[in-house]
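The next block holds one structure in the form of structure tokens; read it before the comments.
In the working numbering, the protein residues as written are 23 to 434.
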């Protein structure tokens, strides 16, 4: 099965490279370091190295506590971070600067992965959340690189997909040296698919500290705006229209002066979403008094946006996309509303709803209705804000458990 998979990859590679170049029109980083995606690297090559793969923005941010812990525990090791997306590359640059090495992970072709491993010679590889590439894991086993699946999550939907492709997925999952799962349910699904040495360590995202400067800037911005603010956070394609349509009905119009701030999940959609906005952050940091929709067209500032709002509506959850990270909003003290599709963050959503820090709704119209209700209820908003911060504090500790797992694997 892996032979057939590799053949298909070779056949589609020219199309993949064309698409990469095409996406580079809007996101120039896609045209940067293309050779790395084919397994060709240059630059520093430290003697001792720990490698962490974080596919995109969310995984790069989630890895931050573990990166700091590894840097402190293994001072004689360099840390290499790889990613797949341009946004992920930019996020790693912003978060870590020169403290880590940075590269694109090669496409999952045997020779490209082989070149990557021979060049960097990592002593330990860490894959964040759900990055399971058959050739990558097979080559790591061949070269004796222990691989840890960190902050692992596996929804029922994803588990069904892996079972359908069991002949390809099971050997890859079985090649992992260890798994640190977010939840007991995810751990059980991974064991069923052949994972070894699985332990429940909790969610690293609870250990991520919001940027203090962004929190202060968000509070200052909200004070200057001096209007009720509803944030539509990390929205995906097809979500803005129903959410803004619902807000334009009898929901938010009942709240005098209410401002909607829309922050799309991907930078390439900023210009597309701008058609709904009267102002955008990069051109007018403070919206005009008459503006109803303000576009947050910056990356890496979610702590700012969450602190600058009165209510946060989490995108990716009003279409069957699995939702986006609500923990960042809870840590910043934002009362949270999520849609029906939060299966990628099911446990965190359950905990937040049970704690009274979030509400889950059926659709966009109900989301805007609840947002309007919360804007009119200072007491409930304050209670949700405190509950969110308390929930994050209560579930910290995943970093120490991940670090212990890394230390065990490095002693092998």
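Glycine included, C-beta positions come from ideal geometry on N, C-alpha and C. Just so we're clear, the structure is a prediction, and the values are computed from it rather than from any experiment.
Asked                                                                                                                : Found
CA nearest to the CA of residue 259, picked from 218, 311, 339 and 217                                               : 339
Unbroken stretches of the beta strand (DSSP E), 3 residues or longer, contained in the segment 239 to 308            : 251 to 257 and 281 to 286
Residue environment, residue 400, which counts as buried when at least 16 other CB atoms sit within 10 Å             : exposed
Alpha-carbon spacing of residue 327 relative to residue 253, whole angstroms                                         : 7 Å
Residue interval of the alpha helix (DSSP H) (run including residue 162)                                             : 156 to 164
The beta strand (DSSP E) enclosing residue 402, as first and last residue numbers                                    : Per DSSP, residue 402 belongs to no beta strand (DSSP E); it is in the alpha helix (DSSP H), 400 to 416.
Local Cβ density within 10 Å of residue 94, reported as buried at 16 or more and exposed below that                  : exposed
Alpha-carbon to alpha-carbon, residue 275 and residue 156                                                            : 52 Å
Contact set for residue 208: own chain, Cβ-Cβ below 7 Å, skip 5 residues either direction                            : 174, 175 and 176
Range of the contiguous alpha helix (DSSP H) that encloses residue 221                                               : Where residue 221 is concerned, there is no enclosing alpha helix (DSSP H), although the beta strand (DSSP E) it sits in stretches over 220 to 222.
Residues that DSSP places opposite residue 114 in a beta bridge                                                      : In DSSP, residue 114 forms no bridge with anything.
Among 99, 411, 168 and 356, the one whose alpha carbon lies nearest that of residue 66                               : 99
Contact check, residue 172 vs residue 215, beta carbons under 8 Å                                                    : no
Residue 73 classed as buried or exposed, judged by whether at least 16 other C-beta atoms fall within 10 angstroms   : buried
Coarse secondary structure for residue 503, derived from DSSP in three states                                        : Limits of the chain in this structure are 23 at one end and 434 at the other, which puts residue 503 out of reach.
Buried versus exposed call for residue 58 [16 or more other C-beta atoms within 10 Å across all chains shown]        : buried
Buried versus exposed call for residue 71 [16 or more other C-beta atoms within 10 Å across all chains shown]        : buried
Heavy atom of the ligand NAD within 7 Å of residue 224 beta-carbon                                                   : The ligand NAD is not among the ligands present in this structure, which contains no ligands whatsoever.
Cβ-Cβ distance between residue 371 and residue 343 below 8 Å                                                         : no
Reduced DSSP category for residue 75 - H, G, I as helix; E, B as strand; rest coil                                   : strand
Whether residue 105 touches residue 126 by CB criterion (8 Å)                                                        : yes
Straight-line Cα distance separating residue 397 from residue 138                                                    : 52 Å
Strand pairing of residue 382, partner residues [DSSP]                                                               : 360
Other residues of its chain near residue 354: CB distance less than 7 Å, five sequence neighbours each side excluded : 232, 237, 325, 328 and 329
Stretch-stretch touch, CB-based, cutoff 8 Å, three pairs: the segment 279 to 289 with the segment 240 to 254         : yes
Residues near residue 303 by beta carbon distance below 8 Å, same chain, minus five either side                      : 316, 317, 318, 319 and 320
Meets three-Cβ-pair contact criterion under 8 Å: the segment 374 to 385 and the segment 401 to 420                   : yes
Cβ neighbour criterion (16 or more within 10 Å) applied to residue 251                                               : buried
Meets three-Cβ-pair contact criterion under 8 Å: the segment 219 to 229 and the segment 412 to 424                   : yes
Length of the line joining the Cα atoms of residue 135 and residue 27                                                : 15 Å
Local Cβ density within 10 Å of residue 332, reported as buried at 16 or more and exposed below that                 : buried
Of the listed residues 184, 111 and 179, nearest to residue 52 (C-alpha basis)                                       : 111
For residue 149, the residue or residues it bridges with in DSSP                                                     : 75 and 171
As assigned by DSSP and simplified to three states, the class of residue 440                                         : Coverage of the chain is limited to positions 23 through 434, which leaves residue 440 absent and any answer about it impossible.
As assigned by DSSP and simplified to three states, the class of residue 230                                         : coil
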